[in-house]
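Residue numbers (this note's numbering), protein chains in the order written: chain A, 3 to 890; chain B, 31 to 145.
Below is one structure; the comments refer to it alone.
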Amino acid sequence: MSWLRFFRREERDAESVRDLQFYLDTETEDNIARGMSPEEARASAWRKLGNTSAIREEIYLMSTFAFVETIWKDLLYALRTMRKNPAFAATAILTLALGIGGNTVLFTVIRAVLLKPLEYGDPDRLVYLTLDNPKLNLKGKSFSLLRLDETRATVQSFSGVGAFLKNPESVTISGGGDPESLQQARVSANFLEVLGVQPLRGRGFLAEEDTPGGAPAAMISADFWRRRFGGDPQVVGTPVTLDSTPHTVIGVLPSGFAFPFAGVDVWVTKPSHWSGLPARFWSGSTPLNLYARLKPHVSLEQARAEMDVLQRQYARAHPERVDSKPGVSVLVTWLKEQVVANVGPMLWMLFGAVGFVLLIACANVASLLLARGSSRSREFALRSALGAARGRLIGQLLAESLALAAAGGILGVLLASWSLRAIPHIDALHLPRSGEIHLDLVVLGFTVALSIATGVLFGLFPSLQVSRPDLVDVLRESGTGAGRESSGRRGRLGFSLRSLLVVGQVALSLVLLIGAGLLMKSFVRLNSVDPGFHPTNVLTMKIALSPSRYDTDRKKAAFFGELARRAEAVPGVRSATIALSLPTTTSLNTNVGVEGQPPVEPVDQPIAQLQSITPGYFRTLGISLLRGREFHEADNSPGAPPVMIVNESFARRFWPNFPDGRNPVGQHVGEGLDKLKSAEIVGIVADVREAGLASAAGLEFYVPCVLHAPQVAYLAIRSEGDPLRFAGAIRSQVLAIDRDQSVADIKSMQDVLETTVGQRRLTMLLLAAFAGVAVLLALIGIYSVIAYQVAQRTHEVGIRRALGAESGDILRLVLGQGLMLALIGVAVGVLGAFALGRLVEGLLFQVKASDPGTFGVIAVLFLAVALLASLIPAQRAARIDPMSALRQ
Amino acid sequence: MARILKPDGDMLQGTLDMLVLQTLVLGPAHGHFIAHAIERRSDDILQVEHGSLYPALYRLEDRGWIASSWGASENNRKARYYRLTPAGRKRLAVETTRWERLVSGIGRILRPATE
Chain A
3 MSWLRFFRRE ERDAESVRDL QFYLDTETED NIARGMSPEE ARASAWRKLG
53 NTSAIREEIY LMSTFAFVET IWKDLLYALR TMRKNPAFAA TAILTLALGI
103 GGNTVLFTVI RAVLLKPLEY GDPDRLVYLT LDNPKLNLKG KSFSLLRLDE
153 TRATVQSFSG VGAFLKNPES VTISGGGDPE SLQQARVSAN FLEVLGVQPL
203 RGRGFLAEED TPGGAPAAMI SADFWRRRFG GDPQVVGTPV TLDSTPHTVI
253 GVLPSGFAFP FAGVDVWVTK PSHWSGLPAR FWSGSTPLNL YARLKPHVSL
303 EQARAEMDVL QRQYARAHPE RVDSKPGVSV LVTWLKEQVV ANVGPMLWML
353 FGAVGFVLLI ACANVASLLL ARGSSRSREF ALRSALGAAR GRLIGQLLAE
403 SLALAAAGGI LGVLLASWSL RAIPHIDALH LPRSGEIHLD LVVLGFTVAL
453 SIATGVLFGL FPSLQVSRPD LVDVLRESGT GAGRESSGRR GRLGFSLRSL
503 LVVGQVALSL VLLIGAGLLM KSFVRLNSVD PGFHPTNVLT MKIALSPSRY
553 DTDRKKAAFF GELARRAEAV PGVRSATIAL SLPTTTSLNT NVGVEGQPPV
603 EPVDQPIAQL QSITPGYFRT LGISLLRGRE FHEADNSPGA PPVMIVNESF
653 ARRFWPNFPD GRNPVGQHVG EGLDKLKSAE IVGIVADVRE AGLASAAGLE
703 FYVPCVLHAP QVAYLAIRSE GDPLRFAGAI RSQVLAIDRD QSVADIKSMQ
753 DVLETTVGQR RLTMLLLAAF AGVAVLLALI GIYSVIAYQV AQRTHEVGIR
803 RALGAESGDI LRLVLGQGLM LALIGVAVGV LGAFALGRLV EGLLFQVKAS
853 DPGTFGVIAV LFLAVALLAS LIPAQRAARI DPMSALRQ
Chain B
31 MARILKPDGD MLQGTLDMLV LQTLVLGPAH GHFIAHAIER RSDDILQVEH
81 GSLYPALYRL EDRGWIASSW GASENNRKAR YYRLTPAGRK RLAVETTRWE
131 RLVSGIGRIL RPATE
């Protein structure tokens with residue numbers, strides 16, 4: 003078909019009119035010559051010629067694009083076929099939409115989060131540094147301030163080393179509007195330089211702002227700038243108060259900037275001011291995470307080698323440091339890997355799962371098409387005998403599958419765009435770079451390609467098979483009229499291909515099911531872990547005291563002591579406490595030694611977490627006291643003799659025979675961090691999983707608040723009934739003591755814990771949902787194959803019955819076939835799950851990827867439901883009346 | 031048994047094409063003549079609905095198997111004359127062979143006893 007003809011189609015239409023007119027004239031003349039009246043002659047000529055407008059139209063359409071016309075016709079035909087069987091079409095489209103939609107979502111997320119380069123300058127040169135020590139309990143694997151300074155002074159591999167405080171802080175901003183709680187990050191002054199990012203407005207931090215006494219400066223996110231300042235171009239220079247400390251806004255960061263954490267709205271410098279610690283502890287704490295930019299031509303390996311050398315030098319120079327112990331090393335990884343480390347395995351695993359779901363969906367639709375194809379084989383044989391090209395038949399069948407796939411794809415994209423809007427708001431995912439997730443042309447291209455591939459995949463096998471009819475076989479069948487029997491070779495082939503598809507479906511869905519089972523078991527294990535405290539009915543909030551107004555331990559301790567007393571007095575509050583940290587929040591670690599035990603070098607002393615609390619802590623959190631006593635009010639008053647309470651792990655570490663042997667209560671402990679005089683152990687409490695349910699408890703000791711008055715602390719209350727109802731009352735108690743004091747992070751303890759298991763829960767639920775869909779599809783597959791087979795073999799069953807087979811025999815025969823398919827599929831699936839086990843290994847908790855219990859239970863369960871799925875057609879077969887079956 | 035074949039989709043297309051090409055072997059002809067020739071030469075067994083012929087003619091022309099030009103007819107009207115091209119001649123040979131093979135195949139199946 004040439005373009006020329008397309009543009010000349012009007013002319014050609016006129017020609018065809020003249021051509022037809024000639025026919026009519028000539029035929030009329032001939033008819034008159036045969037003796038008809040003129041009217042009769044013309045009418046007869048019209049009759050003979052037929053519908054001229056239809057003929058004109060047909061000729062006209064030839065001049066439009068032939069392939070468009072063909073596809074259009076095929077599509078119309080496909081749509082008619084769908085309309086005739088709406089249940090089939092709806093099932094197929096919905097199945098495909100789920101599969102294609104799921105793949106689109108995961109592709110979009112993986113592309114934005116894992117594949118695209120970070121949106122920083124020359125992002126492939128950015129590395130991330132962590133401390134690694136498999137033996138020691140170095141939480142956060144972070145660095146000390148000293149280490150930052152020494153690294154910066156000596157390192158050759160990096161052109162810049164940036165640092166940030168490892169946890170975001172919650173701060174209250176006031177000034178320029180109502181007070182508001184925000185996430186704040188503390189970063190080194192050079193943090194933007196190292197990343198290669200320019201501020202949207204204003205400037206970055208100056209080096210002198212990162213020194214003690216430097217002017218307090220803050221940068222804000224573009225989002226916050228628009229939200230609170232209405233995008234005011236004059237925002238630079240505006241004074242704001244962050245947690246009672248005045249700061250000046252010096253710059254606005256670009257939209258979507260999410261370093262070092264997502265959801266941060268304000269950045270301040272002076273990371274050394276880890277607000278939880280008085281200045282005298284800075285040297286001993288390791289609050290910093292480091293990242294750096296490799297110099298040009300320096301490889302990752304060279305940087306690693308240099309950091310190894312520096313670590314050895316550091317350890318020799320500062321043997322007393324916790325990060326100087328043998329076995330500690332500095333890991334250098336690509337920053338991008340670090341950013342996505344928490345979600346990479348989860349995302350790939352889910353992508354694999356939706357891929358499986360789509361394959362299963364394809365197999366299902368292919369199987370349905372095959373079944374329909376066999377019943378249409380005569381139609382195709384006849385058309386092929388009368389001159390239809392094979393390509394044309396394949397084309398038509400493919401058009402049908404592509405129409406299904408396209409409908410599924412469109413619906414899938416709608417589903418995907420809807421879920422992609424929701425995904426960045428699902429906090430439980432902890433998804434980094436979530437601001438970069440959107441549907442764009444690349445994603446749409448992926449979806450179009452996927453839909454076409456899907457359509458071809460599930461359409462090609464059936465159409466190749468159906469369009470290659472054995473002419474002789476099919477025509478012979480029509481000659482004898484025995485159309486219902488399976489037709490020789492092709493029929494057997496059709497059945498075996500469908501069986502193969504079912505086996506594949508069973509295997510794939512079993513893999514998913516086992517994966518979901520493993521995650522579920524992990525989750526149950528995780529939830530049955532005793533956190534060491536009772537999180538129900540506990541309200542928590544963060545209180546950061548202004549360093550200028552609360553500048554002495556005495557003032558801080560007085561405020562917190564008063565607050566604990568007032569909170570406890572609120573009606574409905576059973577107990578209240580102040581603590582330096584709460585489970586899953588920050589932690590402060592130090593080396594400890596027991597007096598009277600053989601002395602060891604500080605570097606060899608065990609590390610324990612320090613907790614500073616008011617007396618109600620154990621009661622409020624529900625931590626059981628194993629021995630001795632809790633703190634009294636007297637312990638928390640200035641000048642009281644120093645006392646401490648240790649946890650069970652602590653006791654076992656120093657008194658391995660605990661609870662037998664020498665009683666730790668009454669012993670004295672020195673802690674390295676504070677170099678404080680010894681404190682007497684007055685009680686022993688149960689272990690608490692401070693770092694979340696998945697991490698085992700380490701050594702921990704508690705001291706009264708007065709010994710270690712924090713600048714930033716948490717208030718926790720145990721209430722009667724819903725703890726969140728007390729937020730207002732507690733807040734007003736805070737204001738009653740100091741009307742300028744803000745509170746932040748008001749959460750129930752259960753919500754705090756939930757953030758540590760939320761991602762697991764969601765991953766598990768998603769995989770379980772995928773597995774559920776997959777299993778459903780596989781069962782439909784088994785059912786339809788068995789049902790089809792029963793329908794095909796009605797005659798045979800009739801003969802068997804007539805020859806004396808009982809209905810039980812028939813039942814067993816059919817069930818056996820269903821079971822055989824399921825067994826092969828399950829066997830393949832178990833092997834597959836075994837092989838793919840390492841993909842989920844990192845997501846499991848106290849469950850092995852090859853957990854025999856999970857494998858066994860799921861395989862047996864699956865076989866049982868597969869048996870049920872074939873029971874329905876089996877019963878139908880067993881009820882076949884031999885006489886009527888034979889008469890058919 | 032006379033049966034009116036309607037040009038429904040692909041069913042007739044191949045067959046009708048072959049008949050048209052065969053008719054033009056004898057020389058150029060216009061649509062009216064071709065329609066009557068096919069009807070007559072099949073002893074009226076194949077009654078082609080004459081209109082269906084025209085799309086076939088245009089299609090064959092598009093494929094280059096026949097060519098057309100306007101000329102004066104025997105009754106002195108302007109008529110569109112169709113003639114076979116060399117490509118059309120080749121095509122006819124292919125179609126004829128295929129058809130004969132099919133017919134003999136079907137014949138063997140339908141009358142196996144007589145063989």
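Note that the Cβ used here is the ideal one computed from N, Cα and C, for glycine as well.
Top-ranked residue by Cα proximity to residue i, from the options
i        : options                                : result
A/THR240 : A/PRO218, A/MET646, A/GLY641           : A/PRO218
A/ARG203 : A/ALA305, A/ASP234, A/ALA780, A/ALA94  : A/ASP234
A/GLY563 : A/GLY206, A/VAL736, A/ILE73, A/ALA92   : A/VAL736
A/PHE535 : A/VAL667, A/ALA693, A/VAL671           : A/ALA693
A/SER403 : A/ILE112, A/PRO256, A/PHE90, A/TRP269  : A/PHE90
A/LEU778 : A/LEU433, A/ARG762, A/PHE864           : A/PHE864
A/LEU825 : A/GLU603, A/PRO725, A/VAL508, A/PRO549 : A/VAL508
A/LEU452 : A/ARG881, A/THR106, A/ASP32            : A/THR106
A/VAL445 : A/ASP742, A/VAL199, A/GLY104           : A/GLY104
A/GLU210 : A/LEU312, A/TRP227, A/ALA191           : A/ALA191
Buried versus exposed, by CB contacts within 10 Å (16 or more), residue i
i        : result
A/GLY323 : Note that residue 323 of chain A is Arg in the sequence shown, not Gly. Per the 10 Å Cβ criterion, buried.
A/PHE9   : exposed
A/LYS50  : buried
B/HIS80  : buried
A/ALA484 : Low local confidence applies: a pLDDT of 36 at A/ALA484 is under 50, so the model's placement there is unreliable, and no value is given.
A/SER734 : exposed
A/MET885 : exposed
A/GLY481 : With a pLDDT of 40 at A/GLY481, under the threshold of 50, the modelled position of this residue cannot be trusted, and the question is left open.
A/ASP742 : exposed
A/ILE739 : exposed
Chain-order list of residues whose beta-carbon lies under 8 angstroms from that of residue i (same chain, five-residue window excluded)
i        : result
A/LYS2   : Nothing about residue 2 of chain A can be read from this structure; chain A reaches only from 3 to 890.
A/VAL849 : LEU520, LYS523, SER524, ARG527, THR856
A/LEU296 : ARG127, LEU128, VAL129, SER159, PHE160, SER161, LEU302, ALA305
A/LEU352 : LEU108, THR765, LEU768, LEU769, PHE772
A/LEU817 : LEU869, SER872, LEU873, ALA876
A/LEU312 : GLU152, THR153, THR156, VAL157, VAL332
Listed by chain order, chain A residues near residue i by CB distance under 7 angstroms
i        : result
B/ALA109 : PHE24
Beta-carbon proximity list for residue i, same chain, < 6 angstroms, skipping 5 on both sides
i        : result
A/LEU870 : none
A/VAL787 : ARG500, VAL504
A/LEU590 : LEU612
A/ASN169 : THR588
A/LEU413 : ALA99
A/ASN135 : GLY329, VAL330
B/LEU132 : none
Proximity test, residue i beta-carbon vs the ligand GTP heavy atom, cut-off 6 angstroms
i        : result
A/PRO658 : This structure lacks the ligand GTP, and indeed carries no ligand of any kind.
Neighbour list for residue i in chain B, Cβ cutoff strictly below 8 angstroms
i       : result
A/SER18 : TYR84, TYR88
A/MET64 : PRO85, TYR88, ARG89, ASP92
A/GLY52 : GLU79, HIS80, GLY81, SER82
Proximal chain B residues relative to residue i, where beta-carbon distance stays under 7 angstroms
i       : result
A/GLU60 : PRO85
A/ASP21 : GLY61, TYR84, ARG110
7 angstroms CB neighbourhood of residue i in its chain, flanking five on each side removed
i        : result
A/PHE358 : LEU510, VAL513, LEU514, ALA776
A/THR83  : GLU402
Chain B contact residues for residue i, given Cβ-Cβ distances below 9 angstroms
i       : result
A/ASP15 : Simply none; closest approach about 10 angstroms.
Contacts that residue i makes with chain A (C-beta to C-beta distance below 8 angstroms)
i        : result
B/ASN106 : Per Cβ cutoff of 8 angstroms: no residues; B/ASN106 is ~11 angstroms from chain A at best.
B/SER103 : PHE24, THR28
_Extract the residue ranges of the beta strand (DSSP E) inside the segment 312–382 of chain A, only unbroken runs of 3 or more that lie entirely within it._
331–336
_Complete runs of the alpha helix (DSSP H) confined to the segment 91–163 of chain A [at least 4 residues]_ = 147–156
*Segments of 4+ residues assigned as alpha helix (DSSP H) that fall wholly inside the segment 800–843 of chain A*: 809–843, all fully within the segment 800–843 of chain A.
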